[in-house]
Structures are given as structure tokens and as C-alpha cells.
Amino acid sequence: MTNLVHREPSPWQERNPWLTLLSFLITVGLATFEHWSAEDLAWSFWLAGLVLGLVYLGVYQVAQGDRETLLAYPFFWLFFYFLFAGFLDLTFSWTAWMVEGGDMPGLFAGAPVAIARAVRERWWFLITSGFTLLPTYVLDARTVNFTDWGKPMIGKDLLRMVALVFLLVPMAMFEVGIFALYAVLLVYFFPWSVLRYATGRLWRFIRRQ
723 MTNLVHREPS
733 PWQERNPWLT
743 LLSFLITVGL
753 ATFEHWSAED
763 LAWSFWLAGL
773 VLGLVYLGVY
783 QVAQGDRETL
793 LAYPFFWLFF
803 YFLFAGFLDL
813 TFSWTAWMVE
823 GGDMPGLFAG
833 APVAIARAVR
843 ERWWFLITSG
853 FTLLPTYVLD
863 ARTVNFTDWG
873 KPMIGKDLLR
883 MVALVFLLVP
893 MAMFEVGIFA
903 LYAVLLVYFF
913 PWSVLRYATG
923 RLWRFIRRQ
């Protein structure tokens, strides 16, 4: 689980730590301004994971010249996210039914609306997520040794995204406060490399005195 929480910065992030920090601050600021709930955040992570996962697989296959699995990996990723959407829809529908009563909606009854809302109102979350993750897969693709990864389906960043969605489900069921959601955003988005960068600069300054 530690590997899913701690992320080593990419070369791009090490060269541009403050831009990554800005991405984090924008995400937290907009989530606060729009009064996000855990369900909002879960579906936004779902959308970002779907899109960024497909981009990741595309970069991986191009870097490897892998034509044999050109459609296989994206198909399995889409199939997994289809099942993932069903899980989220069932969980949130059951939670709403327990609170509000009435008839239990059918499977996938609320998923299209939730996904459409995420696309329409949370598109910027996809941008900030991509700004945080895609440099690892796109801007540094020429230097990353993909063969060392053993042909992974998804990277650790995307695994962390999926893990955090599962964490958000009980948070939504128990209607946790906004500060708990801040903790999730902090774990996922905060560029810890910025702290190492600032600490290193401070230490070099002290040594010169």
C-alpha cells in the first residue's frame, strides 16, 4: 500500500516542481469552491482513470512498437472500467436508497447521469490529473525504459487512482466532511518532490553561509 501512496517524481516533475504544486492548489481550490462530495470526487477519479489509462496504454504500445496487443489492452481497460462503473453505481444507489427510501434503482440507472455530470462539470479535474500524471508517460516517453516494467497493464499512478476510488466509497456512504476529502486530494495530488526540492535548496543555502 505504501507504493500506492508514495510516488517517485518523474524527470519532468523534478525539473518543474512548482508547476506541479500549482496543479495541486488549483484542484483543491476548485473542489472547495464547488463544494464537492465524496461521490463527486469518486466519479471524477473514475473518469480521469479511464482517459489517462487509455493514454498510458497508447504511449506504452507506441514506445514498445507493440502491434499485437494494439486493441487487446484498451479493450480490457474499458471492460474493467465498465465493471468499475457498475460497482460505483450500485454502491451509491444503495446508499441513496438507504437514506431516502423508495424503490431501489436498477443497475447502471444512475451511472450515465453521474458520468455525464463528471464530463460536463468536472472536466478541469481531468486536466489537472493529466497535468500531474501525463508528463511521466508522454513528455518523458523517450527516456523511460518501458521494458523494465514487465509489460504492465497500468502504472502505479493509475493503481493509486483506483485504490483511492475504493477509499472514497465508504467516505460517501458515511458522508464524511470536506476535510477528509482534502486528505484524499493531498495523498494523491500533492507533489512531494516540491518539499525535497525546497529542502535541498534551503540546505545548500545554509551550507554556503
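Residue numbers (my numbering): 723 to 931.
For every residue, glycine included, the Cβ atom is placed at its ideal position computed from N, Cα and C.
| Item | Value |
| --- | --- |
| Of the residues 887, 745, 772, 845, the one placed nearest residue 810, counting alpha carbons only | 887 |
| Distance, residue 772 Cα to residue 852 Cα | 11 Å |
| Where residue 793 falls: helix, strand or coil (DSSP) | coil |
| Span of the alpha helix (DSSP H) around residue 843 | 833-843 |
| Span separating the alpha-carbon of residue 848 from that of residue 770 | 5 Å |
| Local conformation of residue 851 per DSSP, three classes | helix |
| Straight-line Cα distance separating residue 779 from residue 815 | 31 Å |
| Contact check, residue 763 vs residue 903, beta carbons under 8 Å | yes |
| Residue 839 versus 928, 748, 766, 807, residue with shortest Cα-Cα distance | 766 |
| Three-way DSSP call (helix, strand, coil) for residue 745 in this model | helix |
| Euclidean distance between Cα positions of residue 760 and residue 891 | 7 Å |
| Other residues of its chain near residue 803: CB distance less than 8 Å, five sequence neighbours each side excluded | 768, 771, 772, 775 |
| Simplified DSSP state of residue 756, which is helix, strand or coil | coil |
| Residue 925 to residue 906 span [Cα, whole Å] | 30 Å |
| Assigned exposure category for residue 749 - 16 Cβ within 10 Å defines buried | buried |
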